[in-house]
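Everything in the sequence shown is counted per the numbering used here, starting at 257 for the first residue and increasing by one. C-beta: ideal position from N, C-alpha, C; glycine also. One structure is given below, encoded as structure tokens.
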Amino acid sequence: MRNISKKTRNAMRRDRNSNPSSEILTARRASETSTKKHEREMAEALHRELKDNGATWAQCVQAIKTNWVPQLKNKYRGE
Numbered sequence: 257m258r259n260i261s262k263k264t265r266n267a268m269r270r271d272r273n274s275n276p277s278s279e280i281l282t283a284r285r286a287s288e289t290s291t292k293k294h295e296r297e298m299a300e301a302l303h304r305e306l307k308d309n310g311a312t313w314a315q316c317v318q319a320i321k322t323n324w325v326p327q328l329k330n331k332y333r334g335e
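The structure is reproduced here in structure tokens:
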């Protein structure tokens with residue numbers, strides 16, 4: 257990048273990161289290890305189960321990584 261302001265550079269970076277190209281998305285998916293793939297699949301299942309009760313994607317991923325799933329399910333159980 258040439259002589260552009262910090263504000264412009266950061267705006268361009270945000271735009272690029274928020275709208276990744278299909279090549280970048282494919283590369284991310286292909287570079288996934290089996291452990292990460294398993295974690296992601298478990299987090300997706302947990303998120304589908306708990307999102308209606310208010311659980312976020314980040315909470316589900318963190319619960320999988322830290323073995324905190326029962327506590328998260330208890331926190332967001334449907335009543």
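task: Evaluate contact between the stretch 290-301 and the stretch 318-327, counting only Cβ atoms and requiring at least three cross-stretch pairs below 8 Å.
output: The stretch 290-301, when compared against the stretch 318-327, does touch it at the 8 Å Cβ threshold.
query: Of the residues R269, M268, K329 and N273, which one's Cα is nearest the Cα of E305?
result: Locating residue 305 in the sequence shown gives position 49, where the first residue counts as 1. Ranking the options by Cα distance to E305, first place goes to K329.
- prompt: Grouping DSSP H, G and I as helix and E and B as strand, with all else coil, what is E288?
  reply: Locating residue 288 in the sequence shown gives position 32, where the first residue counts as 1. Residue state, collapsed to three classes: coil.
- prompt: How would you label Q315, buried or exposed, when you count the other beta carbons within 10 angstroms and need 16 or more for buried?
  reply: Your numbering for residue 315 matches position 59 in the sequence shown. Classification of Q315: buried, given that the 10 Å Cβ count is 16 or more.
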